[in-house]
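Residue numbers (our numbering), protein chains in the order written: chain C, 10 to 121; chain A, 42 to 153. Ideal placement from N, C-alpha and C gives every residue a C-beta, glycine not left out.
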């Protein structure tokens with residue numbers, strides 16, 4: 010099992026550019042999540058999904074979009090990147106709502 | 042008031058010392074509680090769940106106090122490898138959000 014994988018590991022974007030952060034899990038988990046972590050801060054939930062075709066907003070969804078067409082994949086789309094989106098992005102998955110979340114290694118994004 | 046609050050530290054302790062962290066949460070209907078560990082520039086990983094009766098895993102002991110709305114983590118016989126940030130995580134299920142809420146973390150530095 011690869012667990013939760015994320016690509017790319019690091020990316021530099023110019024203001025106004027767009028990109029998709031990829032996330033995949035091979036544990037057949039129903040729940041998937043996207044978080045961002047700013048330096049010295051806790052994780053903030055961006056979006057989550059409880060299953061294929063179902064997504065919902067978290068605490069900080071503005072400027073992002075997600076889709077969940079399969080159980081395995083949960084890409085995060087950034088439209089019109091802004092310097093405020095400079096952060097580390099973590100994808101996570103869990104079997105159920107109260108179950109342990111397993112995290113990917115993260116994507117470091119720098120918007121200049 | 043933050044939903045989940047932690048002392049950011051850092052806690053600087055010598056090897057072999059016992060150290061304890063507390064975490065307070067605001068929602069009395071919170072349902073599940075965890076401690077995660079995050080090493081520098083790495084993803085969070087589950088350290089242990091926290092059960093109502095308290096639980097122990099080797100040198101680590103977790104306690105839950107629902108009346109006062111806090112959880113604690115006790116580390117005995119600290120090792121250099123325990124140096125990390127410890128994240129308190131609470132499932133605020135009653136808010137309608139289905140994901141976990143993370144504290145900002147407490148940084149522990151164990152010194153030789």
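Nearest to residue 131 of chain A by C-alpha distance, out of A/147, A/95, A/49, A/77, is A/77.
Taken in chain order, the unbroken stretches of beta strand (DSSP E) that lie wholly in the region 49 to 116 of chain C and span 3 residues or more are 52 to 60, 63 to 66, 73 to 75, 85 to 87, 96 to 103.
Chain-order list of chain C residues neighbouring residue 145 of chain A: 49, 50, 51, by C-beta distance under 8 Å. In the three-state reduction of the DSSP assignment, residue 122 of chain A falls in the helix class. Under the 10 Å beta carbon count, residue 118 of chain C is surrounded by 16 or more other beta carbons and is classified as buried. Chain-order list of chain C residues neighbouring residue 55 of chain A: empty, with the shortest C-beta distance near 25 Å, by a criterion of under 7 Å. Apart from the 5 residues on each side of it in sequence, residue 142 of chain A sits with its Cβ closer than 6 Å to the Cβ of 44, 45, 131, 133 in its chain, given in chain order.
Residue 87 of chain A belongs to the set of residues whose beta carbon lies under 7 Å from a beta carbon in chain C. Not a single CB atom of chain A sits nearer than 7 Å to the CB of residue 95 of chain C. Here DSSP, grouped into helix, strand and coil, assigns residue 110 of chain A to coil. Just so you know, the alpha carbons of residue 66 of chain A and residue 114 of chain A end up roughly 14 Å apart.
Under the three-state reduction of DSSP output, residue 117 of chain A falls in the coil class, being neither helix nor strand. In this structure, the straight-line span from the alpha carbon of residue 111 of chain A to that of residue 115 of chain C is close to 29 Å. In the DSSP assignment, residue 41 of chain C falls within the beta strand (DSSP E) that extends over 40 to 46. Taking the C-beta atoms as reference points, residue 90 of chain A is found no nearer than 7 Å to residue 101 of chain A.
Residue environment analysis places residue 83 of chain C among the buried positions, since at least 16 neighbouring C-beta atoms fall within 10 angstroms of its C-beta. Judged by DSSP secondary structure, residue 24 of chain C falls outside any beta strand (DSSP E); it is assigned neither H nor E. Residue 64 of chain A and residue 129 of chain A have their C-alpha atoms some 6 Å from each other. The region 64 to 76 of chain C makes no contact with the region 14 to 26 of chain C: fewer than 3 CB pairs, one atom from each, lie closer than 8 Å.
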